[in-house]
C-alpha cells in the first residue's frame, strides 16, 4: 500500500493549544476518529512520527504518545522500524456505523424503554418530590419538611469533624457494616427509648440514608409486584413512590380525626402485606392516631401476619403536651417497622435516618442495604455519634421545639389577620406544617400555582390523595421560614388566594 | 367501682433508680403494661397522685408526669379533682392479646415471607458481599477491592472539611439535587475526559453512593422481572446482586483472553436488554477487552437497542502502559452507561461514585435516585470537589499507582518463591488484584477456607461464576496490604495450600 503524505491525514485533525485536553490526547482522538470513519483505511500506512510531528508543529513525544495509545488499543499494527499501519482486524461493518451519525439519527434512544415499576413510581410521585430539589431561589415560606436551616450549629459540627478527621484510623476508611456504626446505633436506641418509648436493642437499629431509603428498603424486602399495601388517604407521597417502586398495589385507607381506620382497611384489603402510617402526626393532616385505632391496627397486623411501617418523621416537635409514645412501643408481636430521620432535627443534606426493625427482619434489611448501596458514609456517622453523646442533639431539639412553636403561632396569627375567608387554618399540637382548607370548590393546584407566582411555596393538599380528595387545601411548612418570611409569605398567599 | 389500695397497683411496678430511664417513664411503662394486661381493668379507679408518690417513694411530680402521659395517650380518663380511671374505650379483644406472649409464641415472625426479588439476590450474592464488612480483625492480605487505607491523607481531608464547615450556607443544609453537586459533576466530567477519554457534559454525570448503587439504579430503571441481561462469566458478584434485585435473568456470556464475546451473547440471548462489562480490567480475570470485541459489543447494543453498563472500577491503576480509553469513548450511539467509584482511589467508607449516562437516561436515573434515597450527602461532595480542584486527587492517584505496582511485584516475587506448584499467578497490566490458578481438581472454596484458617483472605474464583467454573483459583487483592503483610500472607497461603 502506498505511503500517504502526512497532509492527507492532517485533514480533519485540529489541535487546539488553548484547550485543557493535552495535545497527545487530541491527536489520539483525531486519528481514532479518522480510523473509525474510514478516512484512514485498514492496512493503510501512517507517516513516521517525525514527519507527523513536523507537519503538526508538535514535539515528537506528543506523536509517539498518541501512537502508543492507539497501538495499545488495537487501532494500529506494526513492528518497530517497519512502519505503522492501521489495524486490519477492525470489523468493517462497525466502521461504517461508527461514522458520527447526524443528531436526528439518534432518535432511537430519545424515549428509551423503562421498567414498569419505575414508570409507575415516577408518574405518581416524582413531580412532587422533585419540588424539594428545585426552586432554590424561592423563599422559605412555606417550604415543607425542612427545618430552620440557618439555626443549625455548623461550626460545632465542623469542629467535631476536624477532631474526628485527625484521629481517623485506617479501618475507618474501609467498607463498614451495612447496618451502620454500632455506637451510633446504640445512641439512637437509647434516644428512642427515652424520647419515644421505642423498645429495642441497638442490634435492631439500622442506620439508613433517611426515611426515603428506609421505605425503599422495606418495600424491596417485603413486597412482590401486585401485593396490596394500606396507604393513609391522604398520605405521604414520598412513601408512595418508594412502595410503587417495589410494585405495590396501593390501597387508600381513609384517615379521619382519629387517624387511619383499620376497620375500613380490613374491608378494602384484608390480606394486605403492609400498612404505612404516621401515627404521631399524620402526614399531611396532622391528626394523632387514637389509642383504640392503634390497638386495632396492631391487632390486624398480628391476625393477618402483615407488617406496619410507622414513619415517625417529625415527632420530636410536640408543643401542646409531651410527645406520644410510638406505636412501636405497643407492639408486643413485632409487627411494627419503625423509621425516623435526622433530616427534620438536624439537616436534610446529611442524609441519615434509621429503621428499628423487628428481630426477624434485621438480617434481611441489612443484606438488602448492602446490595442497594453498601452502607452510609462513615464520617458523618462518627460526627453524629459524638454530637449525640455530648448532648448537643437533645439541646438542639429543645431549642428548635421552642422556635417552631413560636413560628406556628406567628403563622396562625398572620393567617387570622390576612387569610380570613380564603384559607381556614387550625393550630396543631406538633410538627412543622399546618393544613389550611380552601373554600369549597376551589382547585388547590391552581391555588398553589398562583401562590408560586407570588413567590410563596404551598403544596396542594390534593397531591397527597390517591383518589378524589374530599376537600381542597394547602399544606404549609413553617419551620424553615424566618418570622419576616412568614409574615410576608402570608401576605403573598392572601394576594394569591384573592386572585383565583 | 371501689377505690383500690395503692398496694395492689404497686405489684409488678418496679422503679430502678440506677437505670438511665427517667422514673416517670418507668412508672408510665409499668402502669401501661398493667392496663394492657388487665391487671388494671377498664373503668378502674387509680389512687391519687399523692398516695402513689408516697407509696413509691418518688416525688409527686414524677407521678403527675406519668399520669399526664397516660391521659394524653388515652389510657386514662377523668376530670380534675374527680379521680382518675382506666379508660373504658380500650378494645377488650386486644387487651388479652397484648399480654406479653411467651417467647416461643412469637414464632410467626421467625421466618417472615420475603419478596422473590430479594430472595434471589440474597441467595446468590450476599454471602460474598458480606465478607467485605466482617472479619475486621483479619489481616489485609489479600483483601479485595480495597485501597491502601493508611495512605489516605486524612489530615488534609479533615482540614478541607473544617474550611467548608465554617462557610456552610443555610441552603447547603437543605435538600439537594438528586444528580449531585454541580461543581463536582463538572470536576468528574473533566477528569474522566482527560484520564479515560469519556465524552460527556457535566449534565450527564450523576453522583451516586458508589458502583453498587449505580448498578442498582440502572437495573431499577431499565429491567423488568424476567428481562435477560448479559453477565460476564466469570463476573462481578456485586453487580449480579444489584441486577437480580430488579428481577433480571442473568445470562452468563463467556470471557476469554479478549474479554466478553458478544458473538456468544448473541447466540445465547440476542434480545437481552442490557450487558454488564468491565472492559478495562475484567473483574475477576483481569483481561482487557480487545478493540474488535469492544466494537462488536457496541454494534450489538446499537442493533438491538440494548444498553451496556461499563463498570470502570479500577482503571486508574494501569502499570504497563497508559490506561486504555473507556468503551464509552467509542460509543457513537449513546448505548453505554459508564460507572466508576471513588472507593478504589480514595476510600470505600466515603460512599461516592458516579454514573455517566446517555442523555436519554439522565432524567430517569435522577428521578430514580430521588425516589430511592434522595441524594448523596452534600458535605462530602463539597470536600471532594475541593480535593479535586486543588489537584490532591490526581496526586493521590499517581502516588497510589506507583505503590500498587510495587505491591504487585512484591506479591509476584513472594509467590514465585513460596507458591510454586500450588498456585500459578501471572502478572497483570493493572488493577488491584491478581488471579492465581490452583492445580486441576482443587476445590477453591476449600482452599479459601483453609487460607482463612491461616489468617489470609483469598476469594474463591468459583464464587464469580454463574455456571460450573472451567478452572479453580483464588482472587487476591494486594493494594491494601503492607509489604510485610504481603510476605506473611503468601507464607500463610503456602501453608494453607500445601495442606489441602
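Protein chains in written order, with our numbering: chain B, 45 to 544; chain G, 45 to 544.
Even glycine gets a Cβ: it sits at the ideal position worked out from N, Cα and C.
Predicted, not measured: the structure shown is a model, and the values here were computed from it.
Just to confirm, are residue i and residue j a CB contact at a threshold of 7 Å?
i, j, result
"residue 297(G)", "residue 274(G)", "yes"
"residue 427(B)", "residue 251(B)", "no"
"residue 502(B)", "residue 512(B)", "no"
"residue 393(G)", "residue 217(B)", "yes"
"residue 381(G)", "residue 262(G)", "yes"
"residue 295(G)", "residue 409(G)", "no"
"residue 67(B)", "residue 59(B)", "yes"
"residue 249(B)", "residue 231(B)", "no"
"residue 256(B)", "residue 282(B)", "yes"
"residue 190(G)", "residue 284(G)", "no"
"residue 222(B)", "residue 260(B)", "no"
"residue 120(B)", "residue 114(B)", "yes"
"residue 95(G)", "residue 107(G)", "no"
Can you tell me the Cα-Cα spacing of residue i and residue j, whole angstroms?
i, j, result
"residue 478(B)", "residue 391(G)", "43 Å"
"residue 316(B)", "residue 399(G)", "37 Å"
"residue 374(G)", "residue 448(G)", "29 Å"
"residue 458(B)", "residue 213(G)", "28 Å"
"residue 544(B)", "residue 491(B)", "7 Å"
"residue 404(B)", "residue 267(B)", "16 Å"
"residue 348(B)", "residue 64(G)", "36 Å"
"residue 467(B)", "residue 453(B)", "16 Å"
"residue 8(B)", "residue 62(B)", "With chain B covering 45 to 544 only, the question about residue 8(B) has no answer from this structure."
"residue 528(G)", "residue 456(G)", "14 Å"
"residue 451(B)", "residue 526(B)", "8 Å"
"residue 200(G)", "residue 429(G)", "13 Å"
"residue 311(G)", "residue 305(G)", "10 Å"
With distance defined between alpha-carbon atoms, name the residue in the options nearest to residue i.
i, options, result
"residue 82(G)", "132(G), 110(G) and 70(G)", "132(G)"
"residue 303(G)", "371(G), 249(G) and 293(G)", "371(G)"
"residue 440(G)", "542(G), 516(G), 313(G) and 193(G)", "193(G)"
"residue 332(B)", "476(B), 368(B) and 284(B)", "368(B)"
"residue 485(B)", "506(B), 239(B), 476(B) and 499(B)", "506(B)"
"residue 508(B)", "500(B), 489(B), 115(B) and 111(B)", "489(B)"
"residue 516(G)", "389(G), 529(G) and 541(G)", "541(G)"
"residue 167(B)", "473(G), 537(G), 415(G) and 463(G)", "415(G)"
"residue 514(G)", "455(G), 487(G) and 530(G)", "487(G)"
"residue 480(B)", "538(B), 528(B) and 526(B)", "538(B)"
"residue 469(B)", "77(B), 330(B), 442(B) and 376(B)", "330(B)"
"residue 442(B)", "195(B), 161(B) and 227(B)", "195(B)"
"residue 473(G)", "290(G), 293(G) and 325(G)", "325(G)"
"residue 383(B)", "498(B), 328(B), 460(B) and 236(B)", "236(B)"
In chain order, what residues of the same chain lie with their CB nearer than 8 Å to the CB of residue i, ignoring the 5 residues before and after it?
i, result
"residue 209(G)", "423"
"residue 445(G)", "360, 361, 362 and 363"
"residue 48(B)", "Only weak support exists for where residue 48(B) lies, its pLDDT of 47 falling under 50; the coordinates are left without a value."
"residue 243(B)", "237, 372 and 373"
My output table needs one value for residue i: the three-state DSSP class, helix, strand or coil.
i, result
"residue 291(G)", "coil"
"residue 377(G)", "coil"
"residue 267(B)", "coil"
"residue 331(B)", "coil"
"residue 119(G)", "coil"
"residue 227(B)", "helix"
"residue 135(B)", "Any reading at residue 135(B) must be qualified, since the residue scores a pLDDT of 49, below 50, and its modelled position is unreliable; no value is offered."
"residue 554(G)", "In the structure as shown, chain G begins at 45 and stops at 544. Residue 554(G) is therefore absent and cannot be evaluated."
"residue 298(B)", "strand"
"residue 519(B)", "strand"
"residue 530(G)", "helix"
"residue 88(G)", "coil"
"residue 477(B)", "strand"
"residue 617(G)", "Because chain G spans 45 through 544 in this model, residue 617(G) falls outside it and cannot be assessed."
"residue 462(G)", "helix"
So, for residue i: in the same chain, excluding its five sequence neighbours on each side, which residues have a beta-carbon less than 7 Å away from its beta-carbon?
i, result
"residue 188(B)", "477, 503, 519 and 521"
"residue 437(B)", "431"
What does a CB cutoff of less than 6 Å around residue i pick up in its chain, not counting 5 residues either side in sequence?
i, result
"residue 254(G)", "385, 387, 395 and 397"
"residue 110(G)", "68, 71 and 72"
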